[in-house]
Every structure is written in structure tokens, then in C-alpha cells.
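Which chain is which? The protein sequence lines are A and B, in order. Letter by letter, the first sequence follows residues 3 to 114 in my numbering. Letter by letter, the second sequence follows residues 43 to 157 in my numbering. Glycine included, every Cβ here is placed at the ideal spot set by N, Cα and C. Scroll down for the structure; my scribbles are underneath it.
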Amino acid sequence: DGGITQSPKYLFRKEGQNVTLSCEQNLNHDAMYWYRQDPGQGLRLIYYSQIVNDFQKGDIAEGYSVSREKKESFPLTVTSAQKNPTAFYLCASSIPRVGEAFFGQGTRLTVV
Amino acid sequence: AQKITQTQPGMFVQEKEAVTLDCTYDTSDQSYGLFWYKQPSSGEMIFLIYQGSYDEQNATEGRYSLNFQKARKSANLVISASQLGDSAMYFCAMREVTGTYKYIFGTGTRLKVLA
Numbered sequence: 003d004g005g006i007t008q009s010p011k012y013l014f015r016k017e018g019q020n021v022t023l024s025c026e027q028n029l030n031h032d033a034m035y036w037y038r039q040d041p042g043q044g045l046r047l048i049y050y051s052q053i054v055n056d057f058q059k060g061d062i063a064e065g066y067s068v069s070r071e072k073k074e075s076f077p078l079t080v081t082s083a084q085k086n087p088t089a090f091y092l093c094a095s096s097i098p099r100v101g102e103a104f105f106g107q108g109t110r111l112t113v114v
Numbered sequence: 043a044q045k046i047t048q049t050q051p052g053m054f055v056q057e058k059e060a061v062t063l064d065c066t067y068d069t070s071d072q073s074y075g076l077f078w079y080k081q082p083s084s085g086e087m088i089f090l091i092y093q094g095s096y097d098e099q100n101a102t103e104g105r106y107s108l109n110f111q112k113a114r115k116s117a118n119l120v121i122s123a124s125q126l127g128d129s130a131m132y133f134c135a136m137r138e139v140t141g142t143y144k145y146i147f148g149t150g151t152r153l154k155v156l157a
């Protein structure tokens with residue numbers, strides 16, 4: 003079945019550590035996105051990529067980094083520079099220009 | 043700049059009744075798409091319905107319909123015959139067809155269906 007897989011589902015990080023969230027899709031979509039969700043604030047765009055080896059900052063990119071070396075994969079690294087990383091992270095993909103975004107199941111990151 | 047506004051943080055509806063969730067948007071683009079998603083407590087985002095800016099007819103998908111009023115820049119979601127399983131967060135989103143193609147989301151409305 004085609005879809006988007008995010009792993010892990012739950013992630014705990016100590017303060018000062020970097021952590022990488024995985025996102026893999028087999029939908030053959032060119033575009034991929036990372037969103038952060040906090041209670042009462044909806045989904046905010048962190049980074050997006052329209053094509054392999056290219057990506058752009060979203061509205062809240064500070065403290066995050068991404069790579070897009072393969073069409074299928076768009077990992078997100080939460081660095082120690084991110085001051086409040088505890089949140090629910092959603093990865094999505096789509097065909098550029100048309101159609102809806104397809105989402106993964108999300109990763110809940112907690113800083114302990 | 044693009045913006046989506048959902049002014050209802052929470053809504054209640056009686057089972058089997060209809061409910062309207064409000065969404066207004068702002069964009070300078072002539073060509074864009076509007077989307078509604080449902081997010082149950084599990085966290086997954088479920089696509090419900092889509093409306094293109096040039097579509098003359100309001101979109102419908104089963105019990106979901108989108109009341110599109112372009113001049114008012116509103117794209118309200120109507121759920122008919124509410125079911126207990128409709129209890130969830132609902133997000134309105136927009137995507138411009140030109141430019142960056144990114145999706146912008148509202149803050150959501152939490153719907154609770156009462157038995």
C-alpha cells in the first residue's frame with residue numbers, strides 16, 4: 003500500500019541533544035513538507051521541498067534542519083538550538099500544484 | 043500573505059443534526075485550492091474535501107459539503123447527519139497554485155458530537 007511512514011511514533015530527547023525524525027513515502031510525490039503542531043496553534047510549516055536536492059524554509063525553521071537526497075525521504079533534525087521542541091510533528095507529501103497533501107501518522111517529541 | 047482563519051475553537055452538535063464549521067481565507071492569488079482535514083485523537087490527518095478557486099459548484103463528498111463564497115473569501119465545511127465518530131479536530135487549509143505550492147492551515151475547530 004502506498005503511503006507515508008513516520009518513525010518513531012514517540013521520541014524522548016534530553017535537552018542539548020540533536021534528534022532526527024524519519025519520513026519516508028512511496029507515493030512517488032515530488033513535494034514533501036514538515037509541520038509542527040502545538041495545542042491551539044494548528045499546523046505550522048517548518049520546511050518544504052518541491053524536488054530532490056532542494057528545500058525551502060517555512061515559517062518556523064529556526065532550530066531545525068532537513069535534507070532531501072532521495073525522492074522518497076525527507077528527514078527532519080531537531081537541533082539543540084530549538085528552544086521548545088516538545089510538539090507533534092507531521093510529515094506530508096503531495097504532487098506539486100494539484101491535489102491534497104497526504105500525511106504520515108506523526109511523531110510526538112518530548113524533551114525530558 | 044496567505045492566511046486561514048477559523049474563529050470557532052470548539053463546537054457542539056447533537057447526533058444526526060447538521061453543523062457548519064467556519065473558515066475564511068486571505069490570498070492575493072487568483073488560483074488556489076481549499077481543503078478540509080479531520081484529525082481524530084490518534085493524530086492522523088484525514089483529507090475530507092477540496093474546492094478549487096475556479097470551481098463554480100460547491101464541492102460535496104458524502105456527508106461533507108463545502109460552502110464556497112469566493113467574494114467573501116469563505117469556505118465553510120458543512121457536515122450533515124452528524125455521527126459520534128465525527129468528533130475530532132477539523133482544519134481548513136489553502137494552497138496557492140502558483141508560487142511555492144505550500145499548504146497553509148488554520149488553527150482548527152474541535153467538534154464534539156453529543157449522543
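Span of the beta strand (DSSP E), counted from its first residue to its last, around residue i
| i | result |
| --- | --- |
| D71 of chain B | Neither: D71 of chain B is in no beta strand (DSSP E) and is coded neither H nor E. |
| K154 of chain B | T151 to L156 |
| V80 of chain A | L78 to V80 |
| D61 of chain A | D61 of chain A -> no beta strand (DSSP E), and no H or E assigned at all. |
| N109 of chain B | Y106 to Q111 |
| M87 of chain B | Segment: none, M87 of chain B is in no beta strand (DSSP E) and carries neither H nor E. |
| R38 of chain A | A33 to Q39 |
| R110 of chain A | T109 to V113 |
Closer than 7 Å to chain A by CB, residue i
| i | result |
| --- | --- |
| E138 of chain B | no |
| Y67 of chain B | no |
| G127 of chain B | no |
| K144 of chain B | yes |
| F110 of chain B | no |
Proximity below 7 Å, CB of residue i to CB of residue j
| i | j | result |
| --- | --- | --- |
| I146 of chain B | M136 of chain B | yes |
| S24 of chain A | P77 of chain A | yes |
| Y12 of chain A | A94 of chain A | no |
| A63 of chain A | Y50 of chain A | no |
| F104 of chain A | L92 of chain A | no |
| I53 of chain A | D32 of chain A | yes |
| T149 of chain B | G60 of chain A | no |
| T66 of chain B | K144 of chain B | no |
| Y79 of chain B | F133 of chain B | yes |
| F89 of chain B | E102 of chain A | yes |
| N100 of chain B | T62 of chain B | no |
Any C-beta of chain B under 7 Å from that of residue i
| i | result |
| --- | --- |
| P41 of chain A | no |
| Y66 of chain A | no |
| G108 of chain A | yes |
Query - Chain-ordered residues of the stretch 73-103 of chain B with a beta carbon less than 7 Å from chain A - result: F77, G85, E86, M87, F89 and Y92
Requested in this report: Can you give me, in chain order, the residues of the stretch 72-104 of chain A that have a beta carbon less than 9 Å from any beta carbon in chain B?
Outcome: Cβ contacts with chain B come from F90, L92, A94, S96, P98, R99, V100, G101, E102, A103 and F104.
**Report entry** Members of the stretch 28-57 of chain A that neighbour chain B once the beta carbon cut-off is set at 9 Å
**Finding:** A33, Y35, Y37, Q39, G42, Q43, G44, L45, R46, L47, Y50 and Q52
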